[in-house]
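Accompanying notes for the structure given below.
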Amino acid sequence: MDLLQLEGLRELLFCKQRIQKKIALSYTHGFARKVYLKMIKNIKKLLMYIQFKIDFEDEHITEPNEKNKINIFIQNKLNNIIKNIKNILNKKDTQNMNEPDNVLLFGFVNSGKSTLMNYICNKNISIVTSIKGTTIDIIQKNITIENNTYNLCDCAGVTLNTGLDGINNLELTKLNISERNDTSCPTTTNTHKILEHIGIKKTLKYLTRAVSVIVLLPINNYQKELSYIISILNHNLKKKKKIPHIFICINKCDLADINTYDIIKKKIKKYISTGLYEHIFKKVSKNIFFISSKKGYNVNNFLTYFNQTMEKKKSILLKVNKRTTTTGQDQIGSEQVEEHHYFLPLERHKIFLKESLNHLLFLKKNSHQLDFDIIAEEIRLAIKPLNKIIGKITNETILNKIFETFCIGK
1 MDLLQLEGLR ELLFCKQRIQ KKIALSYTHG FARKVYLKMI KNIKKLLMYI QFKIDFEDEH
61 ITEPNEKNKI NIFIQNKLNN IIKNIKNILN KKDTQNMNEP DNVLLFGFVN SGKSTLMNYI
121 CNKNISIVTS IKGTTIDIIQ KNITIENNTY NLCDCAGVTL NTGLDGINNL ELTKLNISER
181 NDTSCPTTTN THKILEHIGI KKTLKYLTRA VSVIVLLPIN NYQKELSYII SILNHNLKKK
241 KKIPHIFICI NKCDLADINT YDIIKKKIKK YISTGLYEHI FKKVSKNIFF ISSKKGYNVN
301 NFLTYFNQTM EKKKSILLKV NKRTTTTGQD QIGSEQVEEH HYFLPLERHK IFLKESLNHL
361 LFLKKNSHQL DFDIIAEEIR LAIKPLNKII GKITNETILN KIFETFCIGK
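Sequential numbering of the sequence shown, starting at 1, is according to the UniProt record's numbering.
Following this line, the structure appears as structure tokens:
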């Protein structure tokens, strides 16, 4: 067992998400080792080429023209290696996968968000009343769906009275003045409106940070509310690089005839396809669910679909290799099996990758004015930290990892 396999075993013991298990298995099965060995092999090939040029220069004077060609070759090789390292550095490290994704329940006031929150959590987490705007802050609760953990967030519902960015400062100023001038009795309504506006602004901040958003539309007013929600999504997400995955649920479906569902679906799909910006529309789930957060109708089916979709999207992002292997000794009657590998670096790996990258970036910038001897030495220095990622495994290393991972009394 090498150091990477040992780290994979540790991750396997403490993983909280199903996708983490797949990543840990890529370490224990040796795939992570192959990723780093391939990287080292590519850098060593460049070192061998430089070493050959050093030996060649001792016997022949290299022409300036030829030196230029050699430098172009070195630059191309360096670019490929640097790109590979940066791709790994840009990935999350596996430790960050322990944090559950934020899932925002989003919609108008009284759309049934808090009721749905309570149903999913099987507990009265949020206050539910007929009064509009009861929820004025973000309420969060970790939930588990088929071994995957999510951070479910209930929030203040949006209204037609607030701007697309959540808060109207002029309106708040008027509310404050009105409250200060009224000395006879406190204006509870104005105070609540101020808090409601602040809550909506907080909601829209979470909208831009959430990994996924569940949009709730009450079936008796879905057209009007959807139209404004489309405007809010366009306004707040148009400049964002990372768009949350968006799921649409028609709530309070028990208040309408089931025969109208197909017509409503078609209308909604038309509205979002023509109203949303293209890059936001691509993130909207094609399936629209009719649910009742009060009675629990179809909620579990939606959650199953939601979890499967999110797991699939994560798998696509993390999948780095796909190959077909043939089982059986003979070609005839043999079975072809597709192997998928999932890979994320550990925080320890990123430290060494950055160290290696610094040497390679220095070479990229200065190789045209460096002697081959110096270039070769910098390449050796770039390889050294990568070797530390794989490491040499000893009994002492195993014991240290055990003591780091487990609390063992004397």
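Just so you know, even glycine gets a beta-carbon here, dropped at the ideal spot from N, CA and C.
- Looking at the backbone, the Cα of Lys77 and that of Leu46 are separated by about 7 Å.
- Boundaries of the alpha helix (DSSP H) harbouring Asn236: Tyr222 to Leu237, taken from the DSSP string.
- If you look at Asp154, you'll find it in the beta strand (DSSP E) that goes Asn148 to Asp154.
- Judged by DSSP in its simplified three-state form, Phe106 adopts strand.
- In the three-state reduction of the DSSP assignment, Tyr277 falls in the coil class.
- Apart from the 5 residues on each side of it in sequence, Lys265 sits with its Cβ closer than 6 Å to the Cβ of Ile288 in its chain, given in chain order.
- Straight-line spacing of the CA atoms in Pro100 and Tyr49 works out to 47 Å.
- In the three-state reduction of the DSSP assignment, His29 falls in the coil class.
- CA-to-CA, the gap between Asn366 and Glu377 works out to about 13 Å.
- In this model, Leu360 and Lys91 are separated by some 20 Å (Cα to Cα).
- By the Cβ neighbour-count rule, Phe108 is buried, with 16 or more other Cβ atoms within 10 Å of its own.
- In this chain, Thr260 is not harboured by any beta strand (DSSP E), its DSSP state being neither H nor E.
- Contact between the stretch 301-311 and the stretch 252-271 is absent: fewer than 3 CB-CB pairs across the two stretches fall below 8 Å.
- Taking every protein chain shown into account, the CB of Pro64 has fewer than 16 other CB atoms within 10 angstroms, so this residue is exposed.
- A straight line joining the alpha-carbon of Leu195 with that of Phe106 spans about 18 Å.
- Per the C-alpha coordinates, the member of Ile219, Asn118 and Ala156 positioned closest to Asn142 is Asn118.
- Boundaries of the alpha helix (DSSP H) around Ile120: Lys113 to Cys121.
- Ranked by how close their Cα comes to the Cα of Thr149, the residues Asn102, Thr159, Ile219 and Asn161 have Asn102 in first place.
- If you draw a 10 Å sphere on the C-beta of Phe31, you find 16 or more other C-beta atoms in it, and that means buried.
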